[in-house]
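Reading the sequence shown from the start, the letters are residues 60 to 665 in the numbering used here. Where is the CB? At the ideal position from N, CA and C, for every residue including glycine.
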Amino acid sequence: MRTLRAALAVMFLAVAYVLAAFALVGQQMAPRRRSRTSSDPGGLVLTEQDQPGLWAEVRDLAATAGTRAPDEIRLVPEVNAAVSEETSLLGLRTGTRRMFLGVPLLQGLSRNQLHAVLAHELGHHSTSHTRLGALIHRSRLAIAEVAAGLSNPLVKRPFRTYARLFFSLTRPLAHAHEIDADQLSATVAGPRTAAVTLRTLPALDAAWHIYLEQYVEAGTHYGLRPTRFFDNFTNLMSDPERLEELARISAAPPESKTSAYDSHPPLSERIERLEAMASADEADKSGNAASILRYPSQNFLALEDKTFAGSGLTPAPMAEIVSVAGARAAALNAETLLNAMQENQIVPATVRGALDLIASGNLDALLDLVEVESTTPEDDTSTKRRVIARLLGAAIAHELVGEDKARYELSWAGPWRLVDIAGQEVDPEDLAYEALGSPGYAAALRAWVHQLDAQVDNEAQAHTAPETPAPTPPDGYIGALAPISGDGFRTLLVTDTGLMLLKPSGSDRLATGLASVTSGSPGRKLIQRALDRSPAELATASNAAYVPWDEIRALHLKQSSSGRRSADITTAAGKGWSLRWTNAAEVEGHIWPAVDHYLGRRFTVD
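Next up, the structure:
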């Protein structure tokens, strides 16, 4: 049966070449729309000179698969590994072969699991079992590409009808080819490791989508993008709540939606087949997959720079991004509620006005602000209650943040959480939901807000108490760096008690401008002008930001492949700066060894 299908597939493929030729002629006759294409397939090229270990392992895997090694290996910001070829004649003629290696896979898989993935992808091009399998695989991809690109209705419908017939006929052959690729994975990494890999990939994909949608996109709305882009993903996957969530997905991985062009058998069948082959003593002790790269952090950083090049987004620490996004989301929801109250003549249109309505038992005045369509009155009331609780909770949060009684903090289980001035997590939405269910809770909700008022007063008294020591002023300079950029700062000073960031004064700008005209160094001039003043005087200047060493939570130093350097500084209070400079910047003294000395483990370098 398999031989008969193979013969029919070859016959259909021959017909496909004829139809494709007619399709292309039809495309030539149809009105053309100009399209912009790029010769850059994307990602960061990993050369054999820079990554000899990676290339050696890939060549070994290709030899085991019985196929040629790729011509290029590219690092990409996706949960994906693939081997693709530039083909012509519907896959009959092959060209450049590229391997794409996703950073999230390197972060979330073991080295043996990565071998299983790459072996499977190389297996698609293997001729060890049958040459027809690789040809059918390439042809299915090529036919799908042609079918998707057709625009002329005279040729689109007949060619797509033929494509469906071809895919239907070759699906068993494609499934068999996928099973052969899975078998190769099991041969290379072990059946149990190959099965665990298939379970892990959907969880990694889910985690990556959470990271992009809940964290990265939260910043792009405000022109920000996260620094340490890939490190943040590792932090998310390390969160205990996220680990439980990902473990549940791995235990019962969902079946992906398949199309007519999909060649994979059901995922559950593939896992079951591999697990049936596994032995009890099989163990994976290969370590993290990122170890396959030489200097992985530098490569991740270079890919980060390339990914966001030309985006116009300002790099910022993730803690700063979620703080901005959380506060803005609360403000928008608060505006929605208070505007609706005002439009419906509910006076006063304030948070306390809403709480007074609930406490007085006039709950319907708020619930009627929401229009829903439910099957029963009970569902209608429940839905309205949830909507009003969300909006009222956000309005309370917005008020607390605006009055410095609470703030939004980064949460990898979140993406953010609201904490009061004592650092305790609070949930106004949950309290609002309880208040809407029982008017007696409205009084408790108001009491809680008043309690925060008292905490703020106590906190203010604590700050003015004589027993609270003021930061020790700096006594001497250790080094300086200029010019830098970020938040308007131009000079970084390292002192014996902390860091100082200086914004240029009007005279500083004049002096650096003259230095440029006279072939001098603006950076050297900024440093000289700063060092001419005492550190204690500068620490209290209006154009300076002074942070003692013990108030710095983290300082991350990194350098891109283009020679640009940056430092992300985060304080214990949650404030952060992202500083940048080039190799042309002037340096006075050995500043980074000093930073390393004072910060210890809080200082990291890429």
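Residues bridged to Leu428 [DSSP beta-bridge criterion]: None; Leu428 has no bridge partner.
Lys617 - containing alpha helix (DSSP H), residue span: Lys617 -> not in any alpha helix (DSSP H); beta strand (DSSP E) instead, spanning Ile611 to Gln618.
C-alpha gap between Val176 and Ile269, whole angstroms: 22 Å
DSSP three-state assignment for Val138, whether helix, strand or coil: coil
Beta strand (DSSP E) segments (min. 3 residues) lying fully within the stretch 367 to 391: 373 to 375
Length of the line joining the Cα atoms of Ala595 and Ala603: 11 Å
Candidates Leu425, Phe289, Ser169 and Pro355, of which the one nearest Gly249 by Cα: Ser169
Terminal residues of the beta strand (DSSP E) in which Phe662 lies: Phe662 to Val664
Cα-Cα separation, Leu372 to Leu283: 5 Å
Helix, strand or coil at Leu168 [DSSP, three-state]: coil
Neighbour-count burial assignment, Gly557, 16 or more Cβ in a 10 Å radius: Gly557 is buried by the Cβ-count criterion.
Candidates Trp267, Asp343 and Pro261, of which the one nearest Thr252 by Cα: Asp343
Nearest-angstrom Cβ-Cβ length linking Phe292 and Gln166, presumed shorter than 8 Å: The distance from the Cβ of Phe292 to that of Gln166 is about 6 Å, consistent with a contact at the 8 Å cut-off.
Rounded distance between the beta-carbons of Ala454 and Ala504, thought under 8 Å: In the sequence on display, residue 504 carries Leu and not Ala. Not confirmed; about 12 Å, so no contact.
Supposed close pair Ser637, Thr286 - CB separation, criterion 8 Å: 6 Å
Nearest to Ser497 (by Cα), restricted to the options Ser470, Ala418 and Glu334: Ala418
Simplified DSSP state of Asp439, which is helix, strand or coil: helix
First through last residue of the alpha helix (DSSP H) which encompasses Thr259: Pro250 to Ile269
Residues of its chain near Ala339, where Cβ-Cβ distance is below 6 Å and the 5 sequence neighbours each way are ignored: Sequence-distant partners of Ala339 (beyond 5 residues in either direction) whose C-beta falls short of 6 Å from its own C-beta are missing from its chain.
8 Å Cβ cutoff met for Ala539 and Glu647: Yes, the Cβ-Cβ distance between Ala539 and Glu647 is below 8 Å.
For Ala524, three-class secondary structure by DSSP: Confidence is the limiting factor: at Ala524 the pLDDT is only 41, short of 50, which leaves the residue's position unreliable and the question unanswerable from this model.
CB-CB length for Ile132 against Leu113, believed under 8 Å: 7 Å between Cβ atoms; contact.
Contact under 8 Å by Cβ, Ile666 with Leu257: Not covered by the structure: residue 666. The range shown for the chain is 60 to 665.
Start-to-end residues for the beta strand (DSSP E) that takes in Glu493: No beta strand (DSSP E) contains Glu493, which is instead part of the alpha helix (DSSP H) from Pro487 to Gly496.
For Pro285, three-class secondary structure by DSSP: strand
Close-in-space but distant-in-sequence residues of the same chain around Ala277 (CB under 7 Å, 5 per side omitted): Ile380, Val381, Ala384 and Pro474
C-alpha distance - Val104 paired with Leu134, whole-angstrom precision: 6 Å
For Val406, the three-state DSSP class (helix, strand or coil): coil
Local Cβ density within 10 Å of His184, reported as buried at 16 or more and exposed below that: buried
Helix, strand or coil at Ser566 according to DSSP, with G and I counted as helix: For Ser566, the three-state secondary structure derived from DSSP is helix.
8 Å Cβ shell around Ile447 - same chain, five flanking residues per side excluded: The residues are Leu396, Leu425, Leu426, Leu428, Val429, Ala491 and Leu495.
Collapsed DSSP secondary structure at Trp471 in the structure displayed: Coil, per DSSP.
Secondary structure of Arg92, DSSP reduced to three states: With a pLDDT of 35 at Arg92, under the threshold of 50, the modelled position of this residue cannot be trusted; read the value that follows with caution. Reduced to three states, the DSSP call for Arg92 is coil.
Arg624 (DSSP reduced to helix, strand or coil): strand
Assigned secondary structure, Gly346 (DSSP; H/G/I helix, E/B strand, else coil): coil
Thr395 in three-state terms, based on DSSP: helix
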